[in-house]
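In our numbering, the protein residues as written are 21 to 157. We put the beta carbon where it would ideally sit given N, CA and C, even for glycine. Small disclaimer: the values here were computed from a predicted structure and weren't measured. Have a look at the structure below before the remarks.
Here's what the structure looks like:
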């Protein structure tokens, strides 16, 4: 959640942006929902800015383009969850990286959601919506 927020902020300052995400070999979907949401957040933050051309789009190895951002998905043994958002600028590269090594990292978000559930009605999607709602109650 924080890495995606940071990426949305950084997206305003770079025209060259790609996401590389990796998950365990058993994960069926790709790209991950987190990578898709990160790309959408970056695109949202860039509204009104000139959208760059993405070199090589359409080539199989260039990744799936979501909201103008190429996403490269890896499914590997030994990986739990990892996302790198890579920004290229003139003579610089910024990488925002988040890696989960165990399901234990999800416990706080699950507990927050369970505490909030009896207090709300309707559907909340994503941890950010749970955090936002929790701070208002």
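Would you decide whether residue i is buried or exposed? Buried here means 16 or more other CB atoms lie within 10 Å of its CB.
i, result
"residue 160", "Lying outside 21 to 157, the shown extent of the chain, residue 160 is not represented and no answer is given."
"residue 33", "exposed"
"residue 31", "buried"
"residue 105", "buried"
"residue 123", "exposed"
"residue 48", "exposed"
Residue i and residue j look like a contact to me (Cβ under 8 Å); what is the Cβ gap, rounded to whole Å?
i, j, result
"residue 101", "residue 120", "4 Å"
"residue 36", "residue 107", "7 Å"
"residue 38", "residue 83", "7 Å"
"residue 116", "residue 27", "5 Å"
"residue 86", "residue 51", "7 Å"
"residue 144", "residue 153", "6 Å"
What three-state label does DSSP hand residue i in the structure shown?
i, result
"residue 48", "coil"
"residue 39", "strand"
"residue 34", "coil"
"residue 67", "coil"
"residue 21", "coil"
"residue 157", "coil"
Could you check whether the Cβ of residue i sits closer than 8 Å to any Cβ belonging to chain D?
i, result
"residue 54", "Within the model displayed, chain D is absent; a lone protein chain is all it includes."
Would a C-beta distance cut-off of 8 Å place residue i and residue j closer than the cut-off?
i, j, result
"residue 58", "residue 29", "no"
"residue 43", "residue 99", "yes"
"residue 150", "residue 136", "yes"
"residue 23", "residue 118", "yes"
"residue 41", "residue 55", "yes"
Problem set entry | Ranges of the beta strand (DSSP E) found wholly within the segment 74-152, counting only runs of at least 3 | 84-86, 89-96, 101-109 and 112-120
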